[in-house]
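Structure first, commentary second.
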Amino acid sequence: MESISSTWILNNESKTHVVNSKISGSFSISIRVVERTLVRSPSGHEFLAKQKLVAERNEAAVEIPYIFLAGEEICRGYIANVFTKAKFEGWTQHLIVPKISRDAISMSRRLGEKGIKGFLLEADVEIVQERWLDNWLNPRDYDSQDRLIPVEQDCTICLEELSLGGQTKIMKLCCSHNFHRDCILTWLKRKHSCPTCRDDVQNPRPQKEVESLMFC
Ligand SMILES: [Zn+2]
Ligand SMILES: [Zn+2]
Numbered sequence: 001m002e003s004i005s006s007t008w009i010l011n012n013e014s015k016t017h018v019v020n021s022k023i024s025g026s027f028s029i030s031i032r033v034v035e036r037t038l039v040r041s042p043s044g045h046e047f048l049a050k051q052k053l054v055a056e057r058n059e060a061a062v063e064i065p066y067i068f069l070a071g072e073e074i075c076r077g078y079i080a081n082v083f084t085k086a087k088f089e090g091w092t093q094h095l096i097v098p099k100i101s102r103d104a105i106s107m108s109r110r111l112g113e114k115g116i117k118g119f120l121l122e123a124d125v126e127i128v129q130e131r132w133l134d135n136w137l138n139p140r141d142y143d144s145q146d147r148l149i150p151v152e153q154d155c156t157i158c159l160e161e162l163s164l165g166g167q168t169k170i171m172k173l174c175c176s177h178n179f180h181r182d183c184i185l186t187w188l189k190r191k192h193s194c195p196t197c198r199d200d201v202q203n204p205r206p207q208k209e210v211e212s213l214m215f216c
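Quick note on full-length UniProt numbering: the sequence shown kicks off at 1 and runs consecutively.
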């Protein structure tokens with residue numbers, strides 16, 4: 001089994017609260033770093049073999065004085081400085097700082113037009129590192145044409161059919177439950193359990209098959 005690729009995905013969600021009493025912008029940030037190991041069969045079916053929470057950080061509200069909301073460069077510099085002081089790793093800065101500063105500036109402009117000055121931008125960031133492996137097939141799960149044989153008929157998230165050999169991609173979890181790829185990836189942004197059996201993907205129940213085939 002070999003690692004064929006590794007990609008970083010940034011799932012960012014931010015909410016804004018208007019805080020009338022303040023005269024500056026501010027942000028708070030929570031970061032979750034997740035490592036996901038996936039296996040892709042030659043026909044494109046995917047198996048989520050392992051998910052691990054690598055790091056979790058929360059930074060309470062940090063104020064951005066109004067003067068630093070004047071332009072993107074100055075704002076980015078200020079936020080990067082906050083990140084450095086809070087000892088966030090360098091790579092999180094590259095990924096997140098430009099996004100926060102853009103959001104903060106556009107928010108201050110939007111609210112400024114209404115005469116509102118203070119706001120709190122809450123950034124909830126999930127960084128997913130995907131490691132792709134190949135050369136792995138569980139023969140019992142595939143037919144002779146290398147098509148995944150789902151046990152279920154439907155995806156329990158959207159209740160639509162899991163089509164065999166169609167354009168819809170199917171992803172299998174450690175617990176052996178199958179879902180549409182897009183449905184399960186959206187689900188995993190909020191929860192890390194299987195929607196069908198509630199098995200924790202970050203701490204799955206031991207399974208003989210998986211254990212013997214996986215390196216974990
Ligand atoms: Zn679905
Ligand atoms: Zn399950």
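Virtual Cβ for every residue (Gly too), placed ideally from N, Cα, C.
Looking at residue i: is its Cβ nearer than 8 Å to the Cβ of residue j?
{"i": "Leu-133", "j": "Thr-37", "result": "yes"}
{"i": "Thr-92", "j": "Ile-31", "result": "yes"}
{"i": "Ala-61", "j": "Leu-120", "result": "yes"}
{"i": "Ile-29", "j": "Glu-59", "result": "yes"}
{"i": "Leu-69", "j": "Ala-123", "result": "no"}
{"i": "Lys-169", "j": "Arg-181", "result": "yes"}
For a cutoff of 8 Å on Cβ pairs, would you count residue i as touching chain D?
{"i": "Ile-64", "result": "Among the chains in the structure shown there is no chain D, since it carries only a single protein chain."}
Per DSSP, which residues does residue i bridge with? Please list them.
{"i": "Gly-25", "result": "Ile-64 and Phe-119"}
{"i": "Ile-31", "result": "Arg-57 and Val-125"}
{"i": "Asp-200", "result": "Ser-193"}
{"i": "Ser-14", "result": "Ala-123"}
{"i": "Glu-46", "result": "Arg-40 and Met-171"}
{"i": "Lys-99", "result": "DSSP lists no partner for Lys-99."}
{"i": "Gln-51", "result": "Arg-36"}
Does the beta carbon of residue i fall short of 7 Å from some heavy atom of ligand 1?
{"i": "His-45", "result": "no"}
{"i": "Glu-160", "result": "yes"}
{"i": "Ile-157", "result": "yes"}
{"i": "Phe-179", "result": "yes"}
{"i": "Cys-75", "result": "no"}
Around ligand 2, what residues have a beta-carbon under 7 Å from a heavy atom of it, in chain order?
Ordered by chain, the residues meeting the criterion of a beta-carbon within less than 7 Å of a non-hydrogen atom of ligand 2 are Leu-173, Cys-175, Ser-176, His-177, Cys-194, Thr-196, Cys-197 and Asp-199.
Could you pull out every unbroken beta strand (DSSP E) segment of at least 3 residues lying fully inside the UniProt domain "RING-type" (155-198), listed in chain order?
Runs found: 170-172 and 178-180.
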